[in-house]
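A.B. asks: Residue numbers (the numbering used here): 210 to 316. Glycine included, every Cβ here is placed at the ideal spot set by N, Cα and C. If you're wondering where the values come from, they're calculated on a predicted model, not measured in any experiment.
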């Protein structure tokens with residue numbers, strides 16, 4: 210099995226903010242992760258990253274909030290997406306207006 214793209218979305222807001230959500234199902238977990246997903250969720254404005262969730266190989270699950278990296282406990286793709294949007298809202302973003310990465314059968 211090859212990696213399968215589950216969520217792929219990008220929204221550019223009128224104020225210049227950008228939201229991107231990418232999630233893949235993998236045939237096996239990345240080093241540092243215990244689940245079979247690779248993801249990158251991003252919220253930024255004017256080239257500045259305000260919120261980012263990712264699990265790059267070897268580093269495992271983590272998030273970047275206001276320039277600080279913190280561990281993240283992955284539970285499911287749906288929870289990942291919901292946690293991300295909650296952090297976007299706290300960072301002065303949006304409450305899921307026309308959010309990319311709407312749920313499918315990813316959990």
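Taking residue 249 as the reference, give the member of 298, 290, 282 and 302 with the closest Cα.
C.D. replies: Along the chain shown, one-based indexing puts residue 249 at 40. If we check each option's Cα against that of residue 249, 290 comes out closest.
A.B. asks: How about residue 233 and residue 215: do their beta carbons lie closer than 8 Å?
C.D. replies: Here the question's residue 233 lines up with position 24 in the chain shown. Here the question's residue 215 lines up with position 6 in the chain shown. Yes, these two residues count as a Cβ contact at 8 Å.
A.B. asks: Look up residue 301 in the DSSP assignment and say whether it is helix, strand or coil.
C.D. replies: The sequence position of residue 301 within the chain shown is 92, counting from 1. Correct three-state label for residue 301: coil.
A.B. asks: Taking residue 252 and residue 300 to be in contact with their CB atoms under 8 Å, please state how far apart those CB atoms are, rounded to whole angstroms.
C.D. replies: Reading the chain shown from its first residue, position 43 is the one you call residue 252. Reading the chain shown from its first residue, position 91 is the one you call residue 300. Right, their Cβ atoms sit about 7 Å apart.
A.B. asks: By a C-beta neighbour count over all protein chains shown, 10 Å radius and 16 as the cutoff for buried, is residue 228 buried or exposed?
C.D. replies: Residue numbering aside, residue 228 sits at position 19 when the chain shown is read from its first letter. Under this definition residue 228 is a buried residue.
A.B. asks: Kindly indicate which three-state DSSP category residue 308 falls into: helix, strand or coil?
C.D. replies: The residue given as residue 308 occupies position 99 in the chain shown. Residue confidence for residue 308 is low, a pLDDT of 48 falling below 50, so the modelled location carries little weight and cannot support an answer.
A.B. asks: Can you check which of these residues, 217, 211 and 254, is closest to residue 225 by C-alpha distance?
C.D. replies: The count along the chain shown starts at 1 and reaches residue 225 at position 16. When each option's Cα is compared against that of residue 225, the closest is 254.
A.B. asks: Going by DSSP in three states, residue 214 sits in which element: helix, strand or coil?
C.D. replies: Locating residue 214 in the chain shown gives position 5, where the first residue counts as 1. In the structure shown, residue 214 sits in a strand (DSSP, three-state: E or B).
A.B. asks: Shortest alpha-carbon distance to residue 275 belongs to which of 240, 231, 220 and 296?
C.D. replies: For this step, residue 275 is matched to residue 66 along the chain shown. Comparing Cα-Cα distances from residue 275 to each of 240, 231, 220 and 296, the minimum goes to 296.
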